[in-house]
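Novice: So the sequence shown is numbered by this note's numbering: it starts at 5 and just counts up by one.
Every residue, glycine too, gets a C-beta built ideally from N, C-alpha and C.
Below is one structure. I have some questions about it.
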Amino acid sequence: MRDLLGGKGANVAEMTRLGLPVPPGFTITTAACIAYLRDDRTLPPGLEEQVGEQVGRMEADAGKRLGDPGDPLLVSVRSGARDSMPGMMDTILNLGLNDASVDGLAEVTGNPRFAWDSYRRFIQMHADVVCEVPKHLFESALGAMKADRGAESDVDLTADDLRGLVDTYKAIFREHRGEDFPQDPRAQLDGSIRAVFESWENRRAYDYRRLHGIPHDLGTAVNVQRMVFGNTGDRSATGVAFTRNNVTGESGRPFGDFLVNAQGEDVVAGIRTPRPLEELESVLPDAFRELIDTMAMLERTYRDMQDVEFTIEDGRLYMLQTRSGKRSAFARVRIAVDLVDEGLVTEQEALRDLVDPSQVPQLLLPQLDAAAAGDALAHGVNASPGAAVGAIVLTADEAERRGDSGEPVILVRDETTPDDLHGMIAARGIMTARGGKTSHAAIVAVGMGRPAVCGVHDLEFGEGGSLRIAGQQFAAGDIIT
5 MRDLLGGKGA NVAEMTRLGL PVPPGFTITT AACIAYLRDD RTLPPGLEEQ VGEQVGRMEA
65 DAGKRLGDPG DPLLVSVRSG ARDSMPGMMD TILNLGLNDA SVDGLAEVTG NPRFAWDSYR
125 RFIQMHADVV CEVPKHLFES ALGAMKADRG AESDVDLTAD DLRGLVDTYK AIFREHRGED
185 FPQDPRAQLD GSIRAVFESW ENRRAYDYRR LHGIPHDLGT AVNVQRMVFG NTGDRSATGV
245 AFTRNNVTGE SGRPFGDFLV NAQGEDVVAG IRTPRPLEEL ESVLPDAFRE LIDTMAMLER
305 TYRDMQDVEF TIEDGRLYML QTRSGKRSAF ARVRIAVDLV DEGLVTEQEA LRDLVDPSQV
365 PQLLLPQLDA AAAGDALAHG VNASPGAAVG AIVLTADEAE RRGDSGEPVI LVRDETTPDD
425 LHGMIAARGI MTARGGKTSH AAIVAVGMGR PAVCGVHDLE FGEGGSLRIA GQQFAAGDII
485 T
């Protein structure tokens, strides 16, 4: 089933079968992607009609129409290959919003800030993923708005601020595309499906498959689901969690990250530094307890440590994904031993399915000498274990150029994105000012055995390649540990 539905589609179907709270939707198979890429970017015969039928079923179930100006059905469009490739392909959220439906969403929910926040997110995602408008233009506009309003975070912006930001985003789109932002919800959906198919062949996905020995001819499935929202207010949240610590292998306590009043990309993209999962118990205790029980069930079902994505909308928990979690070499060994001791797997199954011989050298990762002289300059989240020494580089391309020539380098960024994968592969270590232990950068670093420290709040970037760490001035090329 995974070959056809992809890992995400197969696991969402299984969670639905188990009776877990999963947003309804449908999956377009990997076979459709393979046919699309093979046949000169032509959708397979009948696919558009089948998508229309499935959207109609979702509309009937929800009692809403896609993009309806009064009470719109909104959907997410997500990739899902057979093998987990965290962040390497594309996602579009809040699809179905336009100039009319955003007003309807604001009125029906009584929450205009939520509606305009969702619309500005959709414009940025659709413009970037489907229409290839550079996303840094939208990020710069958001940064300028926050600076003008004295807002520390996007959650501090008002509904009127976000409405103005939508106008700015649409102007950016018009300037770069020579046309207005698309308003037809079905055209939005068709373009998004094609874009997810195309993302199978983007550079970061290709580099990731090459790094992990994943065949290039598998294609990706596309998962279309009804949106659930973690950005409706203080009783909503979104997060990523592991059933066991993916760095140490420790069990028995929650491990993960979450953000209140946010959408999932905020956590995995490292846009904001999230809160540790255990704090969710005091914020939304009922949803927290349900999440912990659900994670335990999923680990028993799949008989392996799970990496789950969840959203809490107005206090109600929804499960968006589960998969076998990426883990460090040390965690891999400990988890395999513990699962045998707990009777979930046999020794033979653990050796066959849970131990990866290629990760064994990572057990010998260098560590700092605890007895050595010297003080830590700054602290962050221990996203991936190990130690590294190298020259500061500020871009993925520079990390690749210098790293491939044999020079040890440390990739230092405000945040890393999946587009930085080639630089992460070449670097000896990674440091970011934002993001947490469940960001895509952290999860990919763990899988590669690359030391990473995320969420270093004392890291600040200046002009011309300069930066400050805990108030001390550094520049590209300086050596750090």
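By how many angstroms is the C-alpha of residue 16 removed from the C-alpha of residue 25?
Specialist: One C-alpha to the other measures close to 10 Å.
Novice: Find out if the Cβ-Cβ distance for the pair residue 79, residue 50 is shorter than 8 Å.
Specialist: No, these two residues do not count as a Cβ contact at 8 Å.
Novice: Going residue by residue through the stretch 399-452, where are the continuous beta strand (DSSP E) segments of at least 3 residues, counting only ones entirely within it?
Specialist: The stretch 399-452 contains these whole beta strand (DSSP E) runs: 413-417, 433-436.
Novice: So for residue 15, helix, strand or coil by DSSP?
Specialist: The answer is helix: DSSP assigns residue 15 an H, G or I state.
Novice: For residue 82, I'd like the list of residues in its chain whose CB is within less than 6 Å of its CB, leaving aside the five on either flank, ordered along the chain.
Specialist: For residue 82, where only same-chain residues beyond five positions count, the Cβ hits under 6 Å are 95, 227.
Novice: Under a Cβ-count criterion, where at least 16 other Cβ atoms within 10 Å of its own Cβ denotes burial, should residue 203 be classed as buried or exposed?
Specialist: Classification for residue 203: buried.
Novice: Can you grab the Cα-Cα spacing for the pair residue 415 / residue 455, in whole Å?
Specialist: C-alpha separation (whole angstroms): 11 Å.
Novice: Can you check DSSP and say which residues form a bridge with residue 471?
Specialist: Note: residue 471 sits in a beta bridge opposite 465, 478.
Novice: CA-CA distance, residue 316 and residue 240?
Specialist: If I take the Cα positions, the gap works out to 5 Å.
Novice: Can you tell me the Cα-Cα spacing of residue 256 and residue 140, whole angstroms?
Specialist: Cα to Cα, residue 256 sits roughly 40 Å from residue 140.
Novice: Hey, would you say residue 22 sits closer than 8 Å to residue 305, going by beta carbons?
Specialist: Yes; because the gap between Cβ atoms is below 8 Å, this pair is in contact.
Novice: Exposed or buried, which one is residue 404 when buried takes at least 16 other CB atoms within 10 Å?
Specialist: By the neighbour-count rule (16 or more Cβ atoms within 10 Å), residue 404 is buried.
Novice: Please report the straight-line C-alpha distance between residue 166 and residue 482, rounded to a whole angstrom.
Specialist: Answer to the nearest angstrom: the Cα atoms are 40 Å apart.
Novice: For the stretch 394-410 and the stretch 465-481, state whether three or more C-beta atom pairs, one from each stretch, are separated by less than 8 Å.
Specialist: Flag = yes, the stretch 394-410 and the stretch 465-481 touch.
Novice: Nearest CA to the CA of residue 309: which residue from 168, 291, 348?
Specialist: Of the listed residues, the one whose Cα sits closest to residue 309 is 348.
Novice: In three-state DSSP terms, what is residue 348?
Specialist: In the structure shown, residue 348 sits in coil (DSSP, three-state: anything other than H, G, I, E or B).
Novice: Could you work out which residue in 189, 86, 444, 473 is closest to residue 105 when comparing CA atoms only?
Specialist: Comparing Cα-Cα distances from residue 105 to each of 189, 86, 444, 473, the minimum goes to 189.
Novice: Return the first residue and the last residue of the beta strand (DSSP E) that residue 245 is part of.
Specialist: Per DSSP, residue 245 belongs to the beta strand (DSSP E) from 241-246.
Novice: Does the structure place the stretch 149-160 close enough to the stretch 210-223 that three or more beta carbon pairs sit under 8 Å?
Specialist: Touching, no, given that fewer than three Cβ pairs across the two stretches are closer than 8 Å.
Novice: Can you list, in chain order, the residues of its chain with a C-beta nearer than 6 Å to that of residue 302? Leave out the 5 residues immediately preceding and following it.
Specialist: Within the same chain, residue 302 has close Cβ partners 310, 326.
Novice: Note down the Cα distance separating residue 30 from residue 183, rounded to an integer number of angstroms.
Specialist: Taking the straight line joining both Cα atoms gives about 31 Å.
Novice: With distances taken Cα to Cα, identify the nearest neighbour of residue 46 among 289, 244, 294, 201.
Specialist: It is 201 whose Cα lies nearest to the Cα of residue 46.
Novice: Between the stretch 248-265 and the stretch 329-343, do at least 3 Cβ pairs fall closer than 8 Å?
Specialist: The stretch 248-265 is in contact with the stretch 329-343.
Novice: So, for residue 442: in the same chain, excluding its five sequence neighbours on each side, which residues have a beta-carbon less than 6 Å away from its beta-carbon?
Specialist: Correct list, in chain order: 244, 260, 261.
Novice: Does DSSP classify residue 127 as helix, strand or coil?
Specialist: Three-state DSSP puts residue 127 in a helix.
Novice: Can you name the start and end residues of the alpha helix (DSSP H) that residue 203 belongs to?
Specialist: Looking at the DSSP string, the run of the alpha helix (DSSP H) that includes residue 203 is 189-203.
Novice: Given a cut-off of 8 Å on the beta-carbon distance, is the pair residue 176 and residue 137 in contact?
Specialist: Their beta carbons are under 8 Å apart, which means residue 176 touches residue 137 by this criterion.
Novice: Nearest by alpha-carbon distance to residue 409: which of 422, 427, 102, 420 is it?
Specialist: The residue with the shortest Cα to Cα distance from residue 409 is 427.
Novice: Grab me the residues of residue 180's own chain with a C-beta within less than 7 Å of its C-beta, minus the 5 sequence neighbours each way, in chain order.
Specialist: If we look at residue 180 and ignore the five residues flanking it on each side, its Cβ neighbours are 137.
Novice: Within 10 angstroms of the Cβ of residue 444, are there 16 or more other Cβ atoms? Answer buried if so, exposed if not.
Specialist: With 16 or more other Cβ atoms within 10 Å, it is buried.
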